[in-house]
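A short worksheet on the structure shown next.
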Amino acid sequence: MHTTESMTRALITDESRTGKAMGPVQLGFVAGVILRERLPAFERMLWRACRGNVFLRQAMIEDPLEDPSTGDKVYKSVFIIFFQGDQLKTRVKKICEGFRATLYPCPEAPTDRREMAMGVMTRIEDLHTVLGQTQDHRHRVLVAAAKNLKNWFVKVRKIKAIYHTLNLFNLDVTQKCLIAECWVPLLDFETIQIALRRGTERSGSSVPPILNRMETFEDPPTYNRTNKFTHAFQALINAYGVASYREMNPAPYTIITFPFLFAVMFGDLGHGTIMALFGLWMVLKEKPLAAKKSDNEIWNIFFGGRYIIFLMGVFSMYTGFVYNDIFSKSLNVFGSAWSINYNTSTVMTNKALQLDPATADYAQTPYPIGLDPVWQVAPLNKIIFQNAYKMKISIIFGVIHMLFGVFVGLFNHRYFKNKMAIYCEFIPQVIFLVFLF
497 MHTTESMTRA
507 LITDESRTGK
517 AMGPVQLGFV
527 AGVILRERLP
537 AFERMLWRAC
547 RGNVFLRQAM
557 IEDPLEDPST
567 GDKVYKSVFI
577 IFFQGDQLKT
587 RVKKICEGFR
597 ATLYPCPEAP
607 TDRREMAMGV
617 MTRIEDLHTV
627 LGQTQDHRHR
637 VLVAAAKNLK
647 NWFVKVRKIK
657 AIYHTLNLFN
667 LDVTQKCLIA
677 ECWVPLLDFE
687 TIQIALRRGT
697 ERSGSSVPPI
707 LNRMETFEDP
717 PTYNRTNKFT
727 HAFQALINAY
737 GVASYREMNP
747 APYTIITFPF
757 LFAVMFGDLG
767 HGTIMALFGL
777 WMVLKEKPLA
787 AKKSDNEIWN
797 IFFGGRYIIF
807 LMGVFSMYTG
817 FVYNDIFSKS
827 LNVFGSAWSI
837 NYNTSTVMTN
847 KALQLDPATA
857 DYAQTPYPIG
867 LDPVWQVAPL
877 NKIIFQNAYK
887 MKISIIFGVI
897 HMLFGVFVGL
907 FNHRYFKNKM
917 AIYCEFIPQV
927 IFLVFLF
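The sequence shown runs 497 to 933 under our numbering.
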């Protein structure tokens, strides 16, 4: 009896202990987001560090999110981890910090979670409303600013130029006025006086500016007055060197010589037409194209030399017509002065045939303008002849152009009465140039 009672008491005690041990289990959880590429390693680390005592659920976020630290678009996954006990909670949070996962608070009660979700949705709607109003306000501000943007650019550049010029002034001893020394073209002297007088009247100043001419022994800087047509040619001359004060400016002669020498070497009616049309398009559209103020350096070079390109195309059309060359083909406009009297068998059996001007092959009257189109039927020596012809013509005109430049230097030497330069520079240049060619 005693044995049965002791066994019963032991079973009751074990059942009570088991009942206490199998009471309601309290599970904790954390939720957050992590980079998608870190998720596999993150899951393995949780499994090994917690010895399988955690439960992980994850889902991929389809839309990319912006990384707040770098601003790049990255793909992330949302996760939730269930665990039991404070030790596992601390361990899970440390692992999340190590993998740079972002944790978000999430209430345990369903009602609290529902209220939190509703609050988040309300805040998101408010943010969308604020962002929409902000975009509308920004659009209105930018539209209003765009109307005055060009005027602001002009004003800022004027202010910058004015203050840059004022920085070149010197203060007087009395510290009450500014003094500056400058070079002024004689033709613009009265214009500057009128502008200073007008500025005094508009500013309401009681003391007018004083413009005084000074005697100096310094060499004045070179100033060449240009317009939109001659500016590119003057820039071309300045790329090789700026003439001294009162020297003859070769830019006006370059307006003709540069495009013509280019055309003599180029000499194609078809390509010249394309070049002339491109230059003419830039000339006709120069106002809207200039208003765009492009920062493309290559385009600015083309647009700045639009008149040069147009003249080069026009002269190339003329020389191409003289060379009778359009896209490497000849035009039989006036009819060839040569006739080919060979039959098919003669042409097929002879590798080289010639046309004799002393026979009936030649009509004794030359082609009216340019090269005779008969050269088109000479495939062996057509290119050799035309290239040699263009090269020789180019050399002849090039030598004449160089001689002209040397004689322009002679006028400069005579104007400055520099006899030494005439004997030691001009004469040797002519001798070497003439005897060299």
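Backbone N, C-alpha and C fix where the C-beta goes; we use that ideal spot for every residue, glycine too.
Quick caveat: nothing in here was measured; it's all calculated off a predicted structure.
Simplified DSSP state of residue i, which is helix, strand or coil
i: E562; result: strand
i: Y838; result: coil
i: T769; result: helix
i: T598; result: strand
i: S512; result: Interpretation of S512 is limited by its pLDDT of 45, a score under 50 that renders its predicted location unreliable; no figure is taken from the coordinates.
i: V829; result: coil
i: F525; result: strand
i: Y719; result: coil
i: Y863; result: coil
i: L785; result: helix
i: I706; result: coil
i: L531; result: strand
i: Y858; result: strand
i: A517; result: A caution first: A517 carries a pLDDT of 47, below 50, which makes its placement in the model unreliable, though a value can still be read off. Looking at A517 - three-state DSSP - the assignment turns out to be helix.
i: I923; result: helix
Spatially closest choice to residue i from the options, by CA coordinates
i: F551; options: F756, A537, L523, Y571; result: L523
i: D764; options: C602, K886, K789; result: K886
i: D582; options: V703, I576, K590; result: K590
i: A859; options: S835, M744, G737; result: S835
i: I675; options: T687, F685, F774, T661; result: T661
i: M744; options: D684, F912, V680, G894; result: F912
i: Y803; options: T618, N723, V680; result: N723
i: V829; options: I865, N846, W795; result: I865
i: S573; options: L584, L561, S565; result: L561
i: I892; options: P924, R553, V930; result: V930
i: K847; options: N820, S701, N877; result: N877
i: F525; options: T630, R553, R544; result: R553
i: R742; options: H727, M612, P755, R721; result: R721
i: R936; options: L584, G615, T696; result: Here the chain covers residues 497 to 933 and nothing more, so residue 936 does not appear.
Whole-angstrom C-beta distance between residue j and residue i, which should lie under 8 Å
i: V902; j: V926; result: 6 Å
i: S832; j: Y863; result: 7 Å
i: F579; j: V570; result: 27 Å between Cβ atoms; not a contact.
i: W679; j: P717; result: 6 Å
i: I688; j: G766; result: So it is not a contact: roughly 51 Å between Cβ atoms.
i: T769; j: M813; result: 6 Å
i: P875; j: L827; result: Their Cβ separation, rounded to whole angstroms, is 18 Å, which puts P875 and L827 out of contact at 8 Å.
i: A772; j: V738; result: About 31 Å separates the two Cβ atoms, so there is no contact after all.
i: L867; j: N820; result: 4 Å
CA-to-CA distance, residue j to residue i, given in whole angstroms
i: D791; j: I797; result: 11 Å
i: A735; j: A747; result: 12 Å
i: A633; j: A640; result: First, the amino acid is wrong: residue 633 is His here, not Ala. Their Cα atoms are separated by approximately 11 Å.
i: E921; j: R910; result: 13 Å
i: M778; j: F817; result: 24 Å
i: A537; j: L531; result: 11 Å
i: W648; j: A642; result: 10 Å
i: F758; j: M808; result: 7 Å
i: N837; j: L849; result: 11 Å
i: V760; j: F907; result: 28 Å
i: D857; j: K825; result: 22 Å
i: L441; j: A731; result: Residue 441 is absent from the structure shown; the chain starts at 497 and stops at 933.
i: F575; j: V626; result: 30 Å
i: A786; j: E558; result: 47 Å
i: F928; j: L851; result: 41 Å
i: L976; j: F774; result: Outside the shown range of the chain, which is 497 to 933, sits residue 976, and nothing can be said about it.
i: K646; j: L776; result: 27 Å
i: E935; j: I577; result: Residue 935 falls outside the range modelled here, since the chain spans only 497 to 933, and no answer is possible.
i: Q882; j: T815; result: 13 Å
i: S565; j: V637; result: 29 Å
i: F900; j: Y749; result: 10 Å
i: A597; j: E793; result: 48 Å
i: M556; j: L599; result: 16 Å
i: T586; j: D622; result: 36 Å
i: R653; j: K789; result: 14 Å
i: F728; j: F806; result: Before going on, a small fix: residue 728 reads as Ala here, not Phe. Their backbone Cα atoms lie some 12 Å apart in a straight line.
i: L683; j: F933; result: 44 Å
i: T726; j: F756; result: 16 Å
i: Y659; j: E697; result: 20 Å
Closer than 8 Å to chain D by CB, residue i
i: P784; result: Looking at the structure shown, chain D is missing, and only one protein chain is on hand.
Any non-hydrogen atom of the ligand GTP closer than 7 Å to residue i Cβ
i: G768; result: Absence of the ligand GTP is noted for the structure shown, with no ligands found whatsoever.
Continuous beta strand (DSSP E) assignments of at least 3 residues falling wholly in the stretch 545-591:
551-556, 572-579
Counting only runs that start and end within the stretch 634-696, where is the alpha helix (DSSP H) found for 4 or more residues in a row?
Listed in chain order, they are 645-662.
Give, in chain order, every unbroken run of the beta strand (DSSP E) that is at least 3 residues long and sits entirely within the stretch 888-916.
none
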